[in-house]
């Protein structure tokens, strides 16, 4: 009987401790705010951006041959700084983030002006000025031998607020 009373007392103490513990809980109010805004820009009127290199002579691929401007339009409503990013799969043979093509030793280096961009990394600019001048140029893995064939590559251009 004595053991039963001890058991009851222990249970009572445990439950009262649990109740006492929850009575000391602390609450904190949370609030969430933000601004609803329009999309920062429309890229190329919502259509795809295509760079057609045409016939590329394999022996002339040197990182400057067939350098072409990326033809795109940019329509922005605001003149606040925005971020642009080119996303895609990089080659394994360059450190600048050159796009991998459908040919293993061939890539497309994207340049902002004359500077190679880093794929999948955003940079900031103000759309009130001129749009960033982007260029694309075929590059090949050093000491590689390419065979005559068609090639493709793809990337995604995105713009958002910083």
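In mature numbering (1 follows the signal peptide of the UniProt record, and there is no 0), the protein residues as written are -25 to -1, 1 to 137.
All C-beta atoms in this analysis are idealised placements derived from N, C-alpha and C, irrespective of residue type, glycine included.
Quick caveat: nothing in here was measured; it's all calculated off a predicted structure.
Three or more beta-carbon pairs under 8 Å between the stretch 60 to 74 and the stretch 14 to 34, yes or no?
-> Verdict: no, contact absent.
Hey, out of 112, 125, 6, 49, whose CA is closest to residue 71's CA?
-> That would be 112, whose Cα lies nearest to the Cα of residue 71.
Which term fits residue 29, buried or exposed, when burial requires 16 or more other beta carbons within 10 angstroms of its beta carbon?
-> By the neighbour-count criterion, in which a residue is buried when 16 or more other Cβ atoms sit within 10 angstroms of its Cβ, residue 29 is exposed.
Residue 30 in three-state terms, based on DSSP = Coil.
Contained beta strand (DSSP E) runs [length at least 3] in the stretch 61 to 133, N- to C-terminal order = Listed in chain order, the complete beta strand (DSSP E) runs (minimum 3 residues) inside the stretch 61 to 133 are 81 to 87, 98 to 100, 109 to 115.
Three-state secondary structure assigned by DSSP to residue 10 = When secondary structure is reduced to three states using DSSP, residue 10 falls in the coil class, being assigned neither helix nor strand.
Would a C-beta distance cut-off of 8 Å place residue 24 and residue 47 closer than the cut-off?
-> Against a cut-off of 8 Å, the Cβ pair of residue 47 and residue 24 comes out as a contact.
Straight-line CA distance for residue 96 to residue -1?
-> If I take the Cα positions, the gap works out to 44 Å.
What are the boundary residues of the beta strand (DSSP E) that includes residue 50?
-> Residues 49 to 51.
Where does the unbroken beta strand (DSSP E) through residue 17 begin, and where does it stop?
-> It spans 16 to 18 - the beta strand (DSSP E) in which residue 17 sits, taken as one unbroken run.
Exposed or buried, what is residue 14 when buried is set at 16 or more other beta-carbons lying within 10 Å of its beta-carbon?
-> That one is exposed.
Write down the C-beta distance between residue 51 and residue 102 rounded to the nearest angstrom, noting that I regard them as a contact closer than 8 Å.
-> Their Cβ separation, rounded to whole angstroms, is 4 Å, which keeps residue 51 and residue 102 in contact under 8 Å.
Give the straight-line distance between the Cα atoms of residue 4 and residue 99, rounded to the nearest whole angstrom.
-> Cα to Cα, the separation comes out at about 35 Å.
Out of curiosity, what's the CA-to-CA distance linking residue 120 and residue 77?
-> Going from the Cα of residue 120 to the Cα of residue 77 covers about 15 Å.
Does the beta-carbon distance from residue 115 to residue 80 come in below 8 Å?
-> Contact annotation: residue 115 and residue 80 have beta-carbon atoms nearer than 8 Å.
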